[in-house]
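Undergrad:
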Amino acid sequence: GEVRDVPRFSLFYISFGLELISLVLSTVADIPPEAKDFIKKNPEAGAAFLSRITFNWLNSMVLKGYKQPLVQEDMWDLNESDSTAFINERFQHFMKPELDAARVRFQNKMKNKSAKTRDSAQEDPQQNGLSSGLGKGVSQDVLMMEERGKKEDEKKKKKKDKKKEEENYPNSWLIATLYKTFKWILIESAFFKLLQDVLTFVSPQLLKLMISFTQDKSRYAWEGYLYAVLLMVVALLQSLTLQQYFQRCFVLGMRVRTALMAAVYKKALVVSNDTRKESTVGETVNLMSADAQRFNDVTNFIHLLWSCPLQIIISIVFLWLELGPSVLAGLGVMVLMVPINGFLATKARKLQVENMKFKDERMKIMNELLNGVKILKLYAWEPSFQKQVEDIRGEELKVMKKFAYLTAVSTFIFTSAPALVSLATFAVFVSVSKDNVLTAEKAFTSISLFNILRFPLAMLPMLIASIVQTAVSKKRLEKFLAGEDIDSDIVRQDPSFNTAVSVCDGSFAWEKDAKPLLKDVNLDIEPGRLVAVVGAVGSGKSSLMSALLGEMHSTKGFINIRGSLAFVPQQAWIQNATLKDNILFGSPHEEERFKKVIQACALAPDLELLPGGDLTEIGEKGINLSGGQKQRVSLARATYSQADIYLLDDPLSAVDSHVGKHLFEKVIGPNGILKNKVCEGQDAEDFELIPGGDDAQPDGALEDTVSLTLKRENSIRRSQRNGSVRLRRNTSVKKSANADEPKKGQKLIEKETMETGQVKLAVFLQYLRAMGWGYSAMVFVIYFIQNAAFIGQNLWLSDWTSDSVEYYNMTYPSWKRDTRVGVFGALGVAQGN
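So in UniProt numbering, spot 716 of the sequence shown is number 716, and the numbers just go up one at a time.
1) Where Met337 and Ile175 are concerned, what is the direct C-alpha to C-alpha distance, given to the nearest angstrom?
2) For Ser798 and Ser448, what's the separation of their Cα atoms in angstroms?
3) Consult DSSP for Asn522 and reduce its assignment to one of helix, strand or coil.
4) Taking only three categories from DSSP, how would you classify Ser814?
5) Whole angstroms are fine: how far does the CA of Ser51 sit from the CA of Trp815?
6) Over what stretch of residues does the beta strand (DSSP E) that includes Leu647 continue unbroken?
7) Which of the three DSSP states, helix, strand or coil, is assigned to Arg476?
8) Any chance you could list the alpha helix (DSSP H) runs of at least 4 consecutive residues sitting entirely within the segment 179 to 262, in chain order?
9) Let's test the definition: count the other Cβ atoms within 10 Å of the Cβ of Gln793 and tell me whether it reaches 16, buried, or not, exposed.
10) Is it right to say Glu511 is buried, meaning 16 or more other beta carbons lie within 10 angstroms of its own, or is it exposed?
11) Could you check if Trp800 is buried or exposed, using at least 16 other CB atoms within 10 Å of its CB as the buried criterion?
12) Quick one: residues in its chain with C-beta nearer than 7 angstroms to the C-beta of Leu674, no 5 flanking neighbours on either side, listed in chain order?
13) Once the 5 residues before and after Ala443 are set aside, which same chain residues still bring their CB inside 6 angstroms of it?
14) By the three-class DSSP mapping on this structure, what secondary structure does Phe16 have?
15) Here's a check: name, in chain order, each residue in its chain whose Cβ is nearer than 6 angstroms to the Cβ of Ala190, leaving out the five neighbours to either side.
16) Rounded to the nearest angstrom, how far is the Cβ of Leu323 from that of Phe429, given a contact under 8 angstroms?
17) Can you name, in chain order, every residue of its own chain whose Cβ lies under 8 angstroms from the Cβ of His662, other than the five neighbours on each side?
18) DSSP state of Arg529, grouped into three classes?
19) Closer than 7 angstroms by C-beta to Thr181: which residues in its own chain qualify, once you throw out the five before and the five after it? Chain order, please.
20) Val71: buried (16+ other C-beta within 10 angstroms of its C-beta) or exposed?
21) Quick one, which of Gly825, Gln831, Lys111, Asp644 has its alpha-carbon nearest Asn787's?
22) Under the three-state reduction of DSSP, which class applies to Asp513: helix, strand or coil?
23) What residue range is occupied by the uninterrupted alpha helix (DSSP H) comprising Ile313?
24) Alpha carbon to alpha carbon, how far is Thr445 from Val317? Give it in angstroms, no decimals.
25) In or out: Ala654 buried (at least 16 other Cβ within 10 Å) or exposed?
26) Assign Glu591 to buried or exposed, taking buried as 16 or more other Cβ atoms, counted over all protein chains shown, within 10 Å of its Cβ.
27) Span of the alpha helix (DSSP H) holding Phe497?
28) Less than 8 angstroms between the C-beta atoms of Leu523 and Ser502, yes or no?
29) If distances are taken between C-alpha atoms only, which option among Tyr66, Leu565, Gly660, Ile574 comes closest to Leu600?
30) Which class does Ile559 belong to by DSSP, given the choice of helix, strand or coil?
31) Under the assumption that Ile365 contacts Gln388 (Cβ atoms under 8 angstroms), give the Cβ distance between them as a whole number of angstroms.
32) Grab the span of the beta strand (DSSP E) containing Val568 for me, first residue to last.
33) Take Glu551 and list the residues in its own chain whose beta-carbon comes closer than 8 angstroms to its own, dropping the five residues that flank it on each side.
34) Once the 5 residues before and after Leu134 are set aside, which same chain residues still bring their CB inside 7 angstroms of it?
35) Taking its Cβ as the centre, do 16 or more other Cβ atoms sit within 10 Å of Glu382, making it buried, or is it exposed?
36) Is it the case that the Cβ atoms of Val333 and Leu420 are separated by a distance below 8 angstroms?
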């Protein structure tokens with residue numbers, strides 16, 4: 001025990017202590033001054049290496065959640081790489097070249113199909129002539145055979161047409177785009193998964209050495225301590241690498257979902273009219289919710305595609321070293337499961353496609369129902385529509401029930417798979433030769449490898465089912481995102497033009513191959529001019545507006561717009577926000593300009609009557625505003641934007657005559673806020689002036705035209721009052737005595753209430769009652785049997801290995817061998833329940 005080299009001994013422990021201190025200090029990273037503010041909002045940005053691998057930077061959030069329920073305001077800011085803007089920019093950058101290449105492939109494919117169709121059409125006349133000559137003397141049996149052949153041909157044609165319909169778009173580009181967008185985090189997670197898989201197979205080998213050590217009494221004690229420490233270190237490293245892998249995979253899944261949702265949202269805003277007809281609102285909502293979520297789910301475990309086969313192969317190699325060729329019996333069981341898995345996957349895919357059709361149909365009718373809920377209630381149509389929704393949901397549930405049964409069968413087969421593999425391997429090992437004795441070293445090393453094999457065999461069916469569902473979502477997303485956009489080249493932005501708006505020999509149609517609705521339009525509007533387009537109903541005034549906005553297909557000619565543009569549609573579009581936010585629409589608030597716009601758009605009296613003034617929340621689609629108020633809010637929004645050019649599509653149709661006159665004088669007219677601006681206003685629908693035509697000319701000045709039109713529209717509107725809530729000028733509102741109290745009616749949307757903390761027992765009981773007490777009891781019993789079988793199998797195997805000592809140098813009884821194998825197999829199958 002005497003220390004011979006004291007200086008070396010002292011320096012070693014001093015060095016070891018300093019290393020421990022440096023390890024602790026490494027948890028505190030140097031923070032640059034410019035990053036200090038952001039690190040307060042997101043501690044992950046300033047976390048050191050040790051803090052990152054142990055997730056120590058998350059402790060403050062966990063502690064806060066332990067003390068009180070976490071709410072949205074407690075969440076930290078996102079890293080820039082996790083923000084929607086950053087993710088969408090990268091995704092769009094890689095999507096464009098991939099989509100362009102897919103479109104080229106699709107065009108070449110369609111050209112080849114067209115060429116084949118022409119070639120077959122040239123051969124058909126000869127075949128038809130030959131068949132007509134021979135058909136005169138055929139018998140009745142032959143005619144019946146031909147009839148059957150026709151029916152089969154019709155079935156094949158239907159399948160072919162269905163396949164053609166499914167593939168009638170550029171495909172096979174989305175996966176490549178996602179890979180290029182997120183390849184670095186994908187590679188990082190793959191590295192950690194590979195490292196974790198390697199460490200997984202170190203533990204059985206250490207266990208083998210440990211068992212060998214316990215059986216040999218002549219070994220040194222330090223070897224046992226070494227194996228125990230190594231087992232602990234390997235388990236620790238395995239846990240660290242696994243958590244790093246999961247963290248990156250979950251972040252990857254979140255980013256993929258964000259990219260797809262942002263891409264669908266962006267596409268919905270620029271999609272062409274032809275593509276819009278192919279997708280309903282319900283389908284678009286499903287793309288952003290269900291389909292994007294499926295990509296998220298499958299991305300979390302995407303590396304299992306290569307990790308599961310790798311684990312299976314390495315397990316079989318180590319089992320071969322332990323049990324020899326008898327492992328081929330277990331391999332044969334796995335091979336037999338491949339066609340079963342293929343059959344189940346095919347059925348699952350068909351059911352998934354069918355389920356998505358019902359889901360789209362249900363979302364479509366629900367969207368229409370909610371949009372027209374006012375009419376629905378007025379006519380008491382709730383039971384009828386409720387039945388329609390319930391019928392569709394019933395069909396959807398039938399498909400989901402079939403899918404659940406299929407999943408249950410798949411889960412049973414592949415949960416039993418490890419037990420069946422181990423059963424086949426052990427049975428063949430002890431049966432082929434009497435010299436093959438199952439020792440503790442072989443048994444527990446093998447069972448450890450079989451437990452490793454259990455995970456990939458159990459995960460493969462779930463992964464395949466998830467991939468099947470994602471494949472359906474992939475096709476739907478590719479079809480939508482590959483659709484045609486509005487042609488941005490229709491409207492030019494050339495500042496060299498002297499005119500503010502120019503249309504040169506333009507012809508426009510709503511559909512790409514349709515006949516032009518507007519033909520040979522020539523229009524030049526100089527800056528500062530006020531222009532009114534008048535004409536009969538359906539003469540193309542709104543279409544001209546849409547053409548100037550670039551929303552129609554241009555068959556010839558071009559449009560040039562010099563400067564920024566604001567548009568007031570015929571049907572006002574209102575956000576579910578405050579009245580102030582509806583007017584500002586993201587623009588910075590300037591009090592003087594805001595008040596001026598409010599006064600000019602005749603909204604000041606309305607603000608006095610509204611409960612919260614300009615902070616009053618406007619419901620969905622402006623449900624608590626009248627038609628005239630909505631139109632004035634829409635006009636105020638455009639006016640506040642300070643654009644160079646204004647397109648006003650019938651802006652005075654929904655307002656009273658005196659309000660219309662006020663708007664014309666204060667906003668639209670020569671002395672209004674928009675003076676010296678170009679306005680395209682559809683003011684009068686009572687004149688026969690068609691854009692591009694010369695059928696009639698209106699008499700009188702523009703002011704007379706507007707006045708006459710407003711009078712006629714006002715008289716019609718008196719007899720067609722809608723049921724929306726209207727606020728009158730003579731309505732008296734009593735002001736609250738306490739100005740600090742929130743005014744009644746100011747907020748339409750109340751904050752949702754939610755339960756926090758531990759889930760109450762009543763919630764679990766509610767689920768059990770919904771499932772039924774009989775089924776609930778059965779589930780608990782089966783779950784108990786499954787776990788009892790798992791424990792019992794290990795105990796049975798331990799008792800089995802003791803036979804090698806009991807029957808040492810003796811003949812092993814066949815009845816006992818068969819009993820051991822049979823019970824071991826039965827306990828394995830019981831685990832599949």
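C-beta: ideal position from N, C-alpha, C; glycine also.
TA: Short version:
1) Here the alpha carbons of Ile175 and Met337 stand approximately 28 angstroms from one another.
2) Near 13 angstroms, if we compare the C-alpha coordinates of Ser448 and Ser798.
3) If DSSP states are grouped into helix, strand and coil, Asn522 belongs with the strands.
4) Look at Ser814 here: in three-state DSSP terms it is helix.
5) Using only the alpha carbons, I get a separation of about 59 angstroms.
6) The continuous beta strand (DSSP E) containing Leu647 extends over residues 645 to 648.
7) Three-state DSSP puts Arg476 in a helix.
8) Within the segment 179 to 262, the complete alpha helix (DSSP H) segments of 4 residues or longer fall at 202 to 215, listed in chain order.
9) Burial call: buried.
10) Its Cβ having fewer than 16 others within 10 Å, Glu511 is exposed.
11) Here Trp800 is buried: its Cβ has 16 or more other Cβ atoms, across all protein chains shown, within 10 Å.
12) These residues qualify, in order along the chain: Thr639, Tyr646, Val667, Ile668.
13) Take Ala443, set aside five residues on each side of it, and the residues of its chain with a beta-carbon closer than 6 angstroms to its own are Leu797, Thr801, in chain order.
14) Correct three-state label for Phe16: helix.
15) So the qualifying residues of the chain are His303.
16) Indeed, because the Cβ distance is near 5 angstroms, the residues count as touching under 8 angstroms.
17) Residues of the same chain with a CB within less than 8 angstroms of the CB of His662, apart from the 5 flanking positions on each side, are Ala602 in chain order.
18) Of the three classes helix, strand and coil, the one that applies to Arg529 here is coil, per DSSP.
19) Leaving aside the five residues that flank Thr181 on each side, the residues in its chain whose CB is nearer than 7 angstroms to its CB run, in chain order, Arg90, Phe91, Phe94, Ala259.
20) Counting Cβ neighbours within 10 Å, Val71 comes out exposed, since fewer than 16 surround it.
21) Each of Gly825, Gln831, Lys111, Asp644 was checked against the Cα of Asn787, and the nearest Cα belongs to Gln831.
22) Correct three-state label for Asp513: coil.
23) Where Ile313 is concerned, the enclosing alpha helix (DSSP H) stretches over 304 to 323.
24) Cα to Cα, the separation comes out at about 13 angstroms.
25) The residue in question, Ala654, is buried, as its Cβ has 16 or more Cβ neighbours within 10 Å.
26) Per the 10 Å Cβ criterion, exposed.
27) Per DSSP, Phe497 lies in no alpha helix (DSSP H) segment and is marked neither H nor E.
28) Yes, Cβ-Cβ distance for Leu523 and Ser502 is below 8 angstroms.
29) The residue asked about is misnamed: residue 600 is Ala in this sequence, not Leu. Minimum Cα-Cα distance from Ala600 among the listed residues Tyr66, Leu565, Gly660, Ile574 corresponds to Gly660.
30) Judged by DSSP in its simplified three-state form, Ile559 adopts strand.
31) Yes, they are in contact, since the Cβ atoms of Ile365 and Gln388 sit about 6 angstroms apart, within 8 angstroms.
32) If you look at Val568, you'll find it in the beta strand (DSSP E) that goes 565 to 568.
33) Exclusion of the five residues before and after Glu551 leaves Asn273, Ile486 as the residues of its chain whose Cβ lies within less than 8 angstroms of its Cβ.
34) Residue placement at Leu134 is flagged as unreliable, the pLDDT there being 43, under the threshold of 50; the coordinate-derived value follows with that caveat. Spatial neighbours of Leu134 in its own chain (CB-CB distance under 7 angstroms, excluding positions within 5 residues in sequence) are not present.
35) Exposed.
36) Remark: C-beta atoms of Val333 and Leu420 approach each other more closely than 8 angstroms.
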